[in-house]
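In the numbering used here, the protein residues as written are 2 to 201.
In structure tokens:
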């Protein structure tokens, strides 16, 4: 009998497969491959089940999971809003807006959207300039880092916002039977030249 047939036979009896002790984890890095420290990764279906990345960008978590279920990971890192944001970023974003040197990397496009309105405009430059000048110390009611499934392929690289903000780009799906590393890429909002220090 196939595994599927055995599973069907078990289900027909009304029996519930026991939970398994699962340890998962992976790496969290910038687009350039530098480690990002202090990122909290949590299982959406199990609040309180989390792991935090270390100085090498590695994280792990342990949970009791159903072996045949799919689960979702999401990652967060608060603070350090000014980290990596400079006048050079403003220049690069300005050149993109003017069409002089438009970004073709979806990660740079995501990093440019400082006010999270799904477009890149002079308003984003104003937000970032206020941050650089110290008028504001943080982004308004939003995270300063955005984390993307490292294996995600954008369907629309030139307009990736909906895939990140409300789609699957910012999630890592896994099953306890997978065993594959659960890796992330971290994008620092406002940092289009990838100069942010992942240890901060």
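Heads up, the beta-carbon is just placed ideally off N, CA and C, and yes, glycines get one too. These figures come from a predicted structure and were not determined experimentally.
Integer-rounded CB distance, given that residue j should sit under 8 Å from residue i
| i | j | result |
| --- | --- | --- |
| residue 121 | residue 133 | With a Cβ gap of about 17 Å, residue 121 and residue 133 do not count as contacting. |
| residue 34 | residue 60 | Not quite, the Cβ-Cβ distance comes to about 16 Å (not below 8 Å), so this is no contact. |
| residue 162 | residue 125 | Wrong, their Cβ atoms sit about 12 Å apart, outside the cutoff. |
beta-carbon residue i near the ligand COA non-hydrogen atom, thresh 7 Å
| i | result |
| --- | --- |
| residue 150 | The ligand COA is absent from the structure shown, which contains no ligand whatsoever. |
Cα-Cα separation, residue i to residue j
| i | j | result |
| --- | --- | --- |
| residue 25 | residue 169 | 20 Å |
| residue 198 | residue 85 | 7 Å |
| residue 1 | residue 13 | Residue 1 is absent from the model: the chain starts at 2 and stops at 201. |
| residue 65 | residue 21 | 5 Å |
| residue 58 | residue 201 | 12 Å |
| residue 99 | residue 186 | 28 Å |
| residue 56 | residue 158 | 30 Å |
| residue 166 | residue 40 | 18 Å |
| residue 129 | residue 18 | 52 Å |
| residue 138 | residue 69 | 45 Å |
| residue 96 | residue 37 | 28 Å |
| residue 184 | residue 140 | 26 Å |
| residue 102 | residue 73 | 37 Å |
| residue 192 | residue 123 | 16 Å |
| residue 171 | residue 62 | 18 Å |
| residue 156 | residue 164 | 8 Å |
| residue 188 | residue 32 | 7 Å |
| residue 175 | residue 29 | 16 Å |
| residue 47 | residue 127 | 39 Å |
When the options are compared against residue i, the one with the closest alpha-carbon
| i | options | result |
| --- | --- | --- |
| residue 23 | 200, 116, 201, 180 | 180 |
| residue 108 | 123, 154, 139 | 154 |
| residue 105 | 125, 160, 117, 114 | 160 |
| residue 190 | 30, 174, 116 | 116 |
| residue 87 | 177, 135, 182 | 135 |
| residue 173 | 43, 30, 18, 19 | 43 |
| residue 177 | 67, 18, 48, 62 | 67 |
| residue 71 | 112, 45, 188 | 45 |
| residue 151 | 128, 97, 182, 131 | 182 |
| residue 195 | 140, 156, 112, 129 | 112 |
| residue 118 | 63, 142, 69 | 142 |
Would you say the stretch 79-95 touches the stretch 42-52, given that touching needs at least three Cβ pairs under 8 Å?
The stretch 79-95 is not in contact with the stretch 42-52.
Could you pull out every unbroken alpha helix (DSSP H) segment of at least 4 residues lying fully inside the stretch 78-144, listed in chain order?
Fully enclosed alpha helix (DSSP H) runs of 4 or longer: 88-99, 107-113, 123-134.
Quick check on the DSSP output: what are the complete beta strand (DSSP E) runs of length 3 or more inside the stretch 143-179, in order along the chain?
Qualifying beta strand (DSSP E) stretches, in chain order: 146-150, 173-175.
Quick test of the definition: if touching needs 3 or more C-beta pairs under 8 Å, does the stretch 74-85 touch the stretch 131-146?
Three or more beta-carbon pairs drawn from the stretch 74-85 and the stretch 131-146 are found closer than 8 Å, and the two stretches are therefore classed as touching.
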